[in-house]
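Input: a single structure, listed below in structure tokens.
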Amino acid sequence: MIPHVRAYFAATPPKARAALKKIRAAIRSVVPRAEEAFSYRIPAFKFGGRPLVWYAAFKNHCSLFPMTGAIRQKLARELKAYEMSKGTVRLPLAKPIPVGLVKKLVKARLAELNR
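Under the numbering used here, the first residue of the sequence shown is numbered -1, with each subsequent residue one higher.
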């Protein structure tokens, strides 16, 4: 873990930190060669020098960015249960982190980068 990401995790409340660790591990499991980064003041991963995903903790949820229109359409059924905005999906801290969904989102984003 790079220093900025380590500091971000350390400053995050325990429940959100545990969720971030699950999200980070899910991303790593899909793209083990992804480069860890810190961009826009939140943790991120790059692949092939290009932005792959960002993730962040908030008071009641964690967010995973970016959500492109194509990814939203492709995974619409799975995403239906979650609050979203144009570029993010919000994963509530009151529920278990959907590791399988995080992996699908990362795989879909990776496919976009590999086109």
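Just so it is clear, CB atoms sit at the ideal spot from N, CA and C, and this is done for glycine as well. All figures in this text were calculated on a predicted structure; none of them were measured in a lab.
Task: Among Arg15, Ala92, Ile69 and Ala55, the one whose alpha carbon lies nearest that of asparagine 99 - done: The count along the sequence shown starts at 1 and reaches residue 99 at position 101. The sequence given here places leucine at residue 99; asparagine does not occur at that position. Ranking Arg15, Ala92, Ile69 and Ala55 by Cα distance to leucine 99 puts Ile69 first.
TODO: For the alpha helix (DSSP H) containing proline 1, list its first residue and its last residue.
DONE: To locate residue 1, count along the sequence shown from 1; it is residue 3. Run containing proline 1: 1 to 8, per the alpha helix (DSSP H) assignment.
- [ ] State the Cα-Cα distance for the pair leucine 73 and leucine 103, rounded to the nearest angstrom.
- [x] Position 75 of the sequence shown, counted from the start, is the residue given in the question as residue 73. Position 105 of the sequence shown, counted from the start, is the residue given in the question as residue 103. Taking the straight line joining both Cα atoms gives about 8 Å.
TODO: Please confirm if the stretch 77 to 96 is in contact with the stretch 33 to 47, defined as three or more CB-CB distances below 8 Å between the two stretches.
DONE: no
Task: 3-residue-minimum beta strand (DSSP E) runs that sit fully inside the stretch 61 to 99, ordered along the chain - done: 81 to 83 and 86 to 90
Task: Pair within 8 Å by beta-carbon distance, isoleucine 25 and valine 3 - done: By 1-based counting over the sequence shown, the position of residue 25 is 27. By 1-based counting over the sequence shown, the position of residue 3 is 5. No, Cβ-Cβ distance for isoleucine 25 and valine 3 is not below 8 Å.
- [ ] Kindly list the residues whose CB is nearer than 8 Å to the CB of serine 37, restricted to its own chain and excluding five residues on each side of it in sequence; keep chain order.
- [x] The residue given as residue 37 occupies position 39 in the sequence shown. Counting only Cβ-Cβ distances below 8 Å, and skipping sequence neighbours, we find Pro49 and Trp52.
Task: Where proline 41 falls: helix, strand or coil (DSSP) - done: Within the sequence shown, residue 41 is the residue found at index 43, counting from 1. Proline 41 falls in the strand class under three-state DSSP.
Open item on the list: Quick check on the burial criterion: 16 or more other C-beta atoms within 10 angstroms. Buried or exposed for alanine 9?
Closed with: Translated into positions along the sequence shown, residue 9 becomes position 11. By the 10 Å Cβ count, alanine 9 comes out exposed.
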